[in-house]
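Asks:
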Amino acid sequence: MAALLGRNPGLSRSPIEAHEIAGIAELLTPLGELRTLPCHLPDPDPRMAGLDGFYAARMTRIPGI
0 MAALLGRNPG LSRSPIEAHE IAGIAELLTP LGELRTLPCH LPDPDPRMAG LDGFYAARMT
60 RIPGI
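The numbers in numbering that gives the first Met the number 0 rise by one with no breaks, and the one at position 1 of the sequence shown is 0.
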């Protein structure tokens, strides 16, 4: 992410907020990026537990740059 931002001065990070993801703040990094892990969806039935890992970051284009 740092490399992308370094190469593109017209982009800035726009943090994702917990209210945008059903209030599940533990899925957010300190920088406001979304990161899910298999442990984030436990279930007593192993066939229903877990989810794939995902990463998402929201970028905003800075006008005029």
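Here a beta-carbon is modelled for each residue, glycine too, at the ideal position from N, C-alpha and C.
Could you tell me whether the Cβ of Ala-21 comes closer than 8 angstroms to any Cβ of chain B?
Replies: The displayed structure is made up of one protein chain only, and chain B is not part of it.
Asks: Measure from the alpha carbon of Tyr-54 to the alpha carbon of each residue in Gly-5, Ala-2, Leu-33, then state which is nearest.
Replies: Leu-33
Asks: Taking the beta strand (DSSP E) that Arg-12 belongs to, which residues open and close that run?
Replies: 10-12
Asks: Look at the alpha carbon of Ser-13 and the alpha carbon of Ala-56, and state the distance between them as a whole number of angstroms.
Replies: 8 angstroms
Asks: Between Leu-50 and Pro-37, which are expected to be in contact by the criterion C-beta below 8 angstroms, what is the C-beta distance as a whole number of angstroms?
Replies: The Cβ separation is near 6 angstroms, so the contact holds.
Asks: Quick one: what does DSSP say Ala-24 is sitting in, helix, strand or coil?
Replies: helix
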